[in-house]
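To start, the structure itself, in structure tokens.
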Amino acid sequence: MKSLWRFGLGLPGRRRVGYREHSTDTLCRYVGPYRSHYLDQVQHAQPGSKITICGIVSSIRPLGHITFIILSDHSGNQVQVAWRRPPPDSSSSGVDLICRRLKLHSFCSITGEVDSNEFRMSSIDVLSTPIAKRWPLRDDTNEDVALRWRFLQLRRPELQQRLRLRSRAGHVLRCFLHDRDFVEVETPTLVASSPEGAREFLVPTRRQGHFFALAQSPQQFKQLLMMGGFERYFQFARCFRDEDGRSDRQSEFTQVDLEMAFISRREIMSLTEDMIRDLSRRLPELDLRFPERVPVLTYECVMSMFGTDKPDLRIPYMEIQHLSDGWKGIICLNADNHLNHFGNEQVLIVSNTSTNIPDGLSIPLLSAGDVMILSRNLLKLGQLRNLAAASLVNAKCLELFPTRWLWVTDFPMFEADSRGALQAVHHPFTAPIDSDAFIAAANSNDEQSLLALRAQSYDLVVNGIEIGGGSIRIHREDIQKMVFSTISSKESDFSPLLEGLHHGAPPHGGIALGFDRLLSEFPLPANSLRDAIAFPKSSHGKDLLMKSPATLHNSEQQLNPLGLCLQGHSGLKSL
Numbered sequence: 021m022k023s024l025w026r027f028g029l030g031l032p033g034r035r036r037v038g039y040r041e042h043s044t045d046t047l048c049r050y051v052g053p054y055r056s057h058y059l060d061q062v063q064h065a066q067p068g069s070k071i072t073i074c075g076i077v078s079s080i081r082p083l084g085h086i087t088f089i090i091l092s093d094h095s096g097n098q099v100q101v102a103w104r105r106p107p108p109d110s111s112s113s114g115v116d117l118i119c120r121r122l123k124l125h126s127f128c129s130i131t132g133e134v135d136s137n138e139f140r141m142s143s144i145d146v147l148s149t150p151i152a153k154r155w156p157l158r159d160d161t162n163e164d165v166a167l168r169w170r171f172l173q174l175r176r177p178e179l180q181q182r183l184r185l186r187s188r189a190g191h192v193l194r195c196f197l198h199d200r201d202f203v204e205v206e207t208p209t210l211v212a213s214s215p216e217g218a219r220e221f222l223v224p225t226r227r228q229g230h231f232f233a234l235a236q237s238p239q240q241f242k243q244l245l246m247m248g249g250f251e252r253y254f255q256f257a258r259c260f261r262d263e264d265g266r267s268d269r270q271s272e273f274t275q276v277d278l279e280m281a282f283i284s285r286r287e288i289m290s291l292t293e294d295m296i297r298d299l300s301r302r303l304p305e306l307d308l309r310f311p312e313r314v315p316v317l318t319y320e321c322v323m324s325m326f327g328t329d330k331p332d333l334r335i336p337y338m339e340i341q342h343l344s345d346g347w348k349g350i351i352c353l354n355a356d357n358h359l360n361h362f363g364n365e366q367v368l369i370v371s372n373t374s375t376n377i378p379d380g381l382s383i384p385l386l387s388a389g390d391v392m393i394l395s396r397n398l399l400k401l402g403q404l405r406n407l408a409a410a411s412l413v414n415a416k417c418l419e420l421f422p423t424r425w426l427w428v429t430d431f432p433m434f435e436a437d438s439r440g441a442l443q444a445v446h447h448p449f450t451a452p453i454d455s456d457a458f459i460a461a462a463n464s465n466d467e468q469s470l471l472a473l474r475a476q477s478y479d480l481v482v483n484g485i486e487i488g489g490g491s492i493r494i495h496r497e498d499i500q501k502m503v504f505s506t507i508s509s510k511e512s513d514f515s516p517l518l519e520g521l522h523h524g525a526p527p528h529g530g531i532a533l534g535f536d537r538l539l540s541e542f543p544l545p546a547n548s549l550r551d552a553i554a555f556p557k558s559s560h561g562k563d564l565l566m567k568s569p570a571t572l573h574n575s576e577q578q579l580n581p582l583g584l585c586l587q588g589h590s591g592l593k594s595l
């Protein structure tokens, strides 16, 4: 008998569940007509005993007169079963005939005897066998085909492992928060449409002309919970945004949502660090590498140094240098004249074919093999930094530092959109760092002063990916109304929140962590966010397994009670 342990779940015969390890003898095991033992119990069975196990056939290997069958179960445990075929001159038994016809991916119940060296099969019951002549998935299957057959793809060990880690991580986080007096509250999924944020999924109702929207986040509800007397709230919130699909984005996703009253920004950041540190300690296989102290940089600092508000600190040697910092000019030898337009009143950049530069008036910038990239656009330099690092890593010319975590704080409170109108950078409920400065700027309608304001917001970044973000909220009705006025939002769109503030609200704040994103990055980065979700959407926002979105079965009967019709479509054409 041989047990194959694939997922590193601990010592054979033990399984980790949340905070404690339980012996398999104390776990609640259900046995019935299909099995007497689970696969991880086989090696603990008494030699000579007869037991029944069940699982899926993951390997069939004939070797001489013995056929070895590897049976796998839902936990990744595997048992190798041996079947000794009868001599050629003897009549074949029923078991032998079944074994000869046995297919990979069949679900079986096998009875046999436990020996000190092997598990010898005496009978087999094939519960279900694949009918398809050709297995639809291969190692080189493209994404769309894999998602079409997602239920088969889920049998792969790497997906099984990541989803099991997801379940255990959720349990650990819940235990951590419950131990700190947080209350888990489920907020509505069907909500009123909001003018803020991303494009929404709208849900029509039979009250014609009236719509719900699927919640983009529980933002207003969790603030109202603070006003309702709950000082500590959390939930694993399902959120929906009608956005274009990308490898790091899904139209529906899960976030670990926290809100606390009578709290400061530093306290929220510290609690978040403690929570992730506890997760790292309880589930070391996640390999979070969470430090004892997480560095904190301001938005202004990271934009100046890295050209992005979510820098990848694993990249060595590459920081943006500002030519205006004590530089008077750059002379580019043997360069084209097109470089001249990079200059400004502070730094002169000229091309020069002469090398007759007086000694002592210049210093060399570049050595052989060096590359300098010049740009006025910090964002472009930030993108080039990431692209250059990725290219150098792929070429094995650069080695990244290990995992790096970072807090980014003090984001701008407002920014100008493409039309020049002011809008909230985070969301309109974020409190300013200096309330008096905001009131003065809002009363004077000084746009430059408003753009210079900083908010009590913060993002948690790891390896160039935003894992979470939050802020201290506005808890004064007058300031909240002034923010709405500044960004030209209607107060009536947020009347429940304003009514809550009108009746008094404690100082409060919170954070939301992307649960899917965290589990797609650790223990090793997945190919995309989809690998951390059981049934994800494709990069085009489609559910290829369930073939949705889809046309309606009877569009007129279904749409007429809602007062809707399809413009430019007839019958059952695509929505």
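Under my numbering, residues 21 to 595 are what the sequence shown spells out, in order. Backbone N, C-alpha and C define an ideal beta-carbon position, used for all residues, glycine too. Bear in mind the structure is a predicted one, so any value in this text is a computation, not a measurement.
- Burial state of Cys417 is exposed, judged by a 10 Å Cβ sphere holding fewer than 16 other Cβ atoms.
- With contacts defined by Cβ atoms closer than 8 Å, Ser559 and Glu163 form a contacting pair.
- In this structure, Val134 is the residue among Val134, Glu320 and Val101 with its C-alpha nearest to the C-alpha of Gly68.
- Annotation for Arg186: Phe535, Leu539 and Ala552 place their beta carbon closer than 8 Å to its own, counting only its chain and skipping 5 residues before and after.
- In terms of Cβ geometry, Phe221 and Phe256 do not form a close pair [threshold 8 Å].
- When secondary structure is reduced to three states using DSSP, Thr423 falls in the coil class, being assigned neither helix nor strand.
- Taking a cut-off of 8 Å on C-beta distances, the stretch 451-471 touches the stretch 486-494, as three or more cross pairs fall below it.
- In this structure, Lys242 is the residue among Thr292, Gly229 and Lys242 with its C-alpha nearest to the C-alpha of Glu206.
- Cys585 sits in coil when the DSSP states are folded into three classes, being neither helix nor strand.
- Assigned with DSSP and collapsed to three states, Cys417 falls in coil, not helix or strand.
- By the C-beta criterion, the stretch 419-438 is judged not to be in contact with the stretch 385-405, since fewer than 3 inter-stretch pairs fall below 8 Å.
- Rounded to whole angstroms, the gap between the alpha carbons of Asp201 and Glu293 is 17 Å.
- Within a 10 Å sphere around the beta-carbon of Thr328 sit 16 or more other beta-carbons, which makes this residue buried.
- Residue pairing by DSSP places Trp155 in no beta bridge whatsoever.
- The alpha carbon of Asp390 has as its nearest neighbour, out of Asn397, Ala441, Val428 and Met338, the alpha carbon of Met338.
- Here the stretch 263-276 does not lie against the stretch 144-160, with fewer than 3 beta-carbon pairs under 8 Å apart.
- When the beta-carbon positions are compared, Gly484 and Ile283 stay at least 8 Å from each other.
- Assigned with DSSP and collapsed to three states, His522 falls in helix.
- Per DSSP, Gln181 lies in no beta strand (DSSP E); the unbroken alpha helix (DSSP H) holding it starts and ends at Pro177 to Asp199.
- Straight across, the Cα-Cα distance linking Arg550 with Ser271 is about 11 Å.
- Non-local beta-carbon contacts of Leu582 in its own chain, meaning distances under 8 Å to residues more than five positions away in sequence, involve Pro224, Thr225, Arg226 and Gln228 in chain order.
- Separation of Phe254 and Lys123 (C-alpha to C-alpha, rounded to the nearest whole angstrom) is 47 Å.
- With respect to the 8 Å criterion, Ile130 and Thr87 are not classified as neighbours on the basis of their beta carbons.
- Ala444 counts as buried, since at least 16 other C-beta atoms from the protein chains shown sit within 10 angstroms of its C-beta.
- Scanning the stretch 249-326 for uninterrupted alpha helix (DSSP H) segments of 4 residues or longer gives 285-302 and 319-326, listed from N- to C-terminal end.
- When C-beta atoms of the stretch 52-68 are compared with those of the stretch 90-97, three or more pairs fall below 8 Å, so the two segments count as touching.
- The DSSP-derived three-state label of Ile118 is helix.
- DSSP places Phe434 outside any alpha helix (DSSP H); the residue lies instead in the beta strand (DSSP E), whose first and last residues are Phe434 to Ala436.
- The closest CA to that of Arg121, considering only Gly132, Pro107, Phe139 and Ser148, is found on Ser148.
- Classified as exposed, Glu178 has fewer than 16 neighbouring CB atoms from the shown chains inside 10 Å of its CB.
- Each of Pro331, Val413, Lys562 and Val211 was checked against the Cα of Asp513, and the nearest Cα belongs to Val211.
- DSSP places Leu565 in the coil class of the three-state scheme, outside both helix and strand.
- According to the DSSP assignment, Thr131 belongs to no alpha helix (DSSP H) but to the beta strand (DSSP E) extending over Phe127 to Val134.
- Under DSSP, Ile73 shares a beta bridge with Ile130.
- Spatial neighbours of Phe232 in its own chain (CB-CB distance under 6 Å, excluding positions within 5 residues in sequence) are listed in chain order as Leu210 and Val223.
- Taking a C-beta distance under 8 Å as the contact criterion, Ala189 and Leu291 do not qualify as a contact pair.
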